[in-house]
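A short worksheet on the structure shown next.
2 protein chains.
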Amino acid sequence: MPEKLPTIKEIAKRLNISPSSVSRALHNHPSIGISTKEKVVSLAKELGYEPNQTAIFFQKRKTFTIGVILPKLSEAFFSEAISGIEDFAAKHKYTVLVGQSHNNFEKEKKIIETMKDHRVDGIIVSVAKNTFQYSHFEALKKYNIPVVFFDCIPDTPNIDAVECDMIDGTVKAINFLIKKKHKVIGFINGPAKLPASQQRLQGYKIAMQKNRLKFDPQLIVNTDLTPAGTEQAMFELLAYKRKPSAIVAFNDYVTLDAVQYARSKGIIVNRDIFFVSYANLPVNHYMAYPPLASIEQFPYEQGEKAMEILLNIIQEKTMQPVKAIIEPQLMLNNQLVL
Amino acid sequence: MPEKLPTIKEIAKRLNISPSSVSRALHNHPSIGISTKEKVVSLAKELGYEPNQTAIFFQKRKTFTIGVILPKLSEAFFSEAISGIEDFAAKHKYTVLVGQSHNNFEKEKKIIETMKDHRVDGIIVSVAKNTFQYSHFEALKKYNIPVVFFDCIPDTPNIDAVECDMIDGTVKAINFLIKKKHKVIGFINGPAKLPASQQRLQGYKIAMQKNRLKFDPQLIVNTDLTPAGTEQAMFELLAYKRKPSAIVAFNDYVTLDAVQYARSKGIIVNRDIFFVSYANLPVNHYMAYPPLASIEQFPYEQGEKAMEILLNIIQEKTMQPVKAIIEPQLMLNNQLVL
DNA sequence: TGTTTTCAGTCAAACGATTGCATAAGGTAA
DNA sequence: TTACCTTATGCAATCGTTTGACTGAAAACA
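As they're listed, the protein sequences go chains A and B. In this text, residue positions in the first sequence follow this note's numbering: the first is 467, and each later residue adds one. In this text, residue positions in the second sequence follow this note's numbering: the first is 467, and each later residue adds one.
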């Protein structure tokens with residue numbers, strides 16, 4: 467049943483020529499006679515010859531496989547991103563090995579280990595939310611495995627990365643709310659340690675300043691991204707004497723929990739209070755109380771771009787570290803807000 | 467910079483012994499002297515030796531990689547399933563290559579091709595919604611690549627598969643509604659060709675019969691799973707003179723669209739009409755008008771099980787085709803409904 | 001005709017690890 | 001002392017493909 471697959475050697479033997487000639491015939495090498503080439507090609511087709519990729523991987527020290535490490539595939543942002551990566555990779559005959567870190571540092575390290583063993587040609591990663599030490603990525607240099615970061619990227623110099631300009635995104639969000647006459651704007655930020663949180667905060671400050679509104683630190687609360695953390699954050703915001711009329715939240719998942727909390731307190735969302743958040747989840751469309759607007763970060767495009775950069779590094783087209791910036795857009799019902 | 471990694475040969479040369487001895491020393495082969503073994507092990511550690519997996523893959527004709535083909539990672543069901551697969555695989559030192567078919571037959575074929583080229587040890591697949599011909603899976607037998615199906619499985623005999631008993635699931639859903647005094651129960655089924663639709667329909671009939679309710683074919687409509695298709699289906703159901711007081715929908719995404727439509731027509735969901743659907747999406751929790759109940763299909767467990775079966779086949783522990791049935795459960799606010 | 005070019009192909013090594021078989025050294029028993 | 005066994009190790013083939021160096025023959029040129 468498990469019949470043996472034809473090899474180059476087999477073809478060579480049958481045609482009484484050397485394996486090297488077969489190999490060259492199949493690769494259109496110039497120094498191979500046309501008649502031999504035809505014989506080889508037709509016999510190869512007849513036998514259903516297919517090159518043994520594992521042999522080639524081994525021989526070429528290249529696997530045409532790239533590893534992708536993500537926190538969670540179940541977040542729409544990441545499943546979109548991986549589609550971008552996969553599509554771009556497939557176009558260039560690369561395949562994708564996935565690993566989910568579930569935002570766990572140890573797991574992330576283990577995945578890197580496995581991918582390194584598998585000799586992937588490169589890795590694309592969105593760093594786990596509680597990874598604050600990056601030596602496991604540094605270690606990959608020794609193995610000549612390039613890494614491209616996206617979304618959640620370390621604050622280390624000289625790395626290749628794709629990121630969305632969250633300062634700009636936040637400024638857009640705040641400007642939008644201010645245009646809608648909101649003056650007291652709350653901000654539920656993520657964990658303070660996160661670069662992503664720091665960017666958002668910076669954007670918040672810039673936007674308030676530019677609009678000559680007072681920056682009130684009490685309007686800034688943090689969530690650890692769990693529902694409980696978000697509820698606590700909401701509680702604090704709503705208890706504050708300068709109660710915000712609008713809230714910018716770290717992402718749509720936080721918004722979901724925040725809206726839930728507000729509703730449970732009898733607050734009517736989109737009347738008593740308005741939300742703007744990051745991500746532009748497809749489910750927003752179905753929500754009864756969707757955020758007023760959401761900052762689209764174009765995960766698919768980020769994935770594509772990351773893969774493009776990685777490929778350039780692998781093919782040694784790029785030497786300098788590249789940092790690609792994606793411009794986020796404020797979306798309202800999937801329409802661009804200008 | 468790209469320093470060469472140490473190999474068995476290198477270790478052998480340094481210790482003036484043969485590569486075979488090194489290999490055996492590192493594998494605790496019985497016939498190796500204790501002193502040599504120690505020398506080898508310590509030098510290996512010192513040099514940071516790591517076996518070249520690509521060489522081993524090639525030599526052993528085994529890649530410790532399995533392919534997973536799914537319609538879309540962005541559906542929560544599949545991202546959950548892949549977590550189950552990945553976790554189980556990781557435990558057994560396997561890695562996972564992913565491909566998304568986007569429910570496209572051609573793409574599915576292409577992915578299989580690539581995975582075959584990569585010499586994966588096995589494949590787990592949820593078949594694309596418009597694949598009705600399975601020769602590309604059959605072809606894998608020739609390459610000795612076992613396939614385990616889950617979720618969307620072909621109606622072919624003698625296949626290995628994990629599936630959720632949707633007849634049972636549908637019966638549970640209908641019984642639940644009948645207990646709630648609903649007598650006219652509409653049913654938005656998926657494309658009639660789909661085995662998944664056929665099972666659901668059968669469950670519907672069985673449940674109606676058991677409860678001595680008349681089976682009314684006009685209460686059964688189909689959607690092609692697009693929002694427009696679902697709207698049309700809803701339109702027909704609501705226009706029917708025996709207007710249903712409850713609707714069972716093919717899955718939560720269909721429900722999302724159906725609810726949207728109902729709301730747009732001024733119908734109050736969970737007062738004028740009730741929904742029960744399949745999938746138990748996490749977002750249901752956040753919906754203002756969630757389905758009354760949802761049939762949980764345990765995607766994580768399905769993934770795990772599929773991987774377990776596949777591993778058994780790869781390790782030749784199983785010879786007979788296995789069909790594992792997962793029992794679905796009706797969930798209400800993430801609580802089991804009994 | 002003799003010399004150089006070109007063509008069409010072969011040889012053998014290499015990639016890194018594994019493994020069946022052979023063998024040397026040393027020990028033991030008859 | 002001889003025969004035999006054990007233990008530790010080496011040899012060489014193998015997995016399938018690629019590739020630099022080489023060769024023999026024919027074609028082209030002077």
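The beta-carbon is built from N, C-alpha and C at its ideal position, and this holds for glycine as well.
A distance of 9 Å or more separates the beta carbons of residue 668 of chain B and residue 713 of chain B. In summary, the residues of the stretch 573–603 of chain B whose CB is separated from some CB of chain A by less than 7 Å are 580, 583, 584 and 585, in the order they occur in the chain. Partner residues in the beta bridge of residue 789 of chain B, as assigned by DSSP, are B:627. Boundaries for residue 619 of chain B: no beta strand (DSSP E) harbours it, and the DSSP string shows neither H nor E there. The beta carbon of residue 736 of chain B sits closer than 7 Å to those of 755 and 758, all from its chain and outside the five residues before and after it, given in chain order. Minimum Cα-Cα distance from residue 569 of chain B among the listed residues B:606, B:563 and B:540 corresponds to B:540. Bounds of the alpha helix (DSSP H) holding residue 501 of chain A are 500–513. Residues 644 of the same chain have their beta carbon placed closer than 6 Å to that of residue 677 of chain B, with the five preceding and five following residues left out of the count.
According to the DSSP secondary-structure assignment, residue 695 of chain A is paired through a beta bridge with no residue.
Per DSSP, the unbroken alpha helix (DSSP H) holding residue 766 of chain B starts and ends at 765–780. For residue 801 of chain A, the nearest beta carbon of chain B is not closer than 9 Å to its own beta carbon. Chain B places no beta carbon closer than 9 Å to that of residue 497 of chain A, leaving this residue out of the contacts. Residues of chain B whose Cβ lies closer than 7 Å to the Cβ of residue 545 of chain A are, in chain order, 539, 540 and 545.
Between residue 609 of chain A and residue 582 of chain A a beta carbon distance of about 6 Å is seen, short of the 8 Å cut, so the two are scored as contacting.
The Cβ atoms of residue 763 of chain B and residue 794 of chain B lie closer than 9 Å to each other.
Straight-line measurement puts the Cα of residue 745 of chain A at about 15 Å from the Cα of residue 592 of chain A. Boundaries for residue 720 of chain B: no beta strand (DSSP E) harbours it, while the alpha helix (DSSP H) harbouring it runs 718–730, taken from the DSSP string. Excluding residues up to 5 positions away in sequence, 498, 502, 503, 506 and 507 lie with their Cβ nearer than 7 Å to the Cβ of residue 491 of chain A in the same chain. Counting only residues of its own chain and dropping the five nearest sequence neighbours on each side, residue 621 of chain A has a CB closer than 6 Å to the CB of 661. Within chain B, 583, 584 and 585 have C-beta atoms less than 7 Å from the C-beta of residue 519 of chain A, given in sequence order.
Chain B places no beta carbon closer than 9 Å to that of residue 737 of chain A, leaving this residue out of the contacts. With fewer than 16 other CB atoms across the displayed protein chains lying within 10 angstroms of its CB, residue 579 of chain B is exposed. The C-beta of residue 613 of chain A comes no closer than 9 Å to any C-beta of chain B. Residues are counted here when their Cβ sits less than 9 Å from a Cβ of chain A; for the stretch 742–763 of chain B these are 747, 748, 749, 751, 752, 753, 754 and 755, given in chain order. Residue burial annotation: residue 675 of chain B is exposed, with fewer than 16 other C-beta atoms found within 10 angstroms of its C-beta. Listed in chain order, the positions of the stretch 615–646 of chain B with a beta carbon within less than 9 Å of a beta carbon of chain A would be empty, since no residue qualifies. Within chain B, the residues placing a beta-carbon under 7 Å from that of residue 529 of chain A are 520, ordered along the chain.
In terms of CA proximity to residue 473 of chain B, B:517 leads the group B:785, B:517 and B:659. The C-beta of residue 515 of chain B comes no closer than 9 Å to any C-beta of chain A. When C-beta atoms of the stretch 765–772 of chain B are compared with those of the stretch 613–631 of chain B, three or more pairs fall below 8 Å, so the two segments count as touching. Counting along the chain, residue 670 of chain B sits inside the alpha helix (DSSP H) bounded by residues 661–676.
For residue 524 of chain B, a Cβ of chain A is located within less than 9 Å of the residue's own Cβ. By the C-beta density criterion, residue 552 of chain B is buried, having at least 16 other C-beta atoms within 10 angstroms.
Per DSSP, the continuous beta strand (DSSP E) segment holding residue 743 of chain A begins and ends at 740–744. Under DSSP, the beta-bridge partners assigned to residue 655 of chain A are A:688. Taking the Cα positions, residue 544 of chain B is about 11 Å away from residue 747 of chain B.
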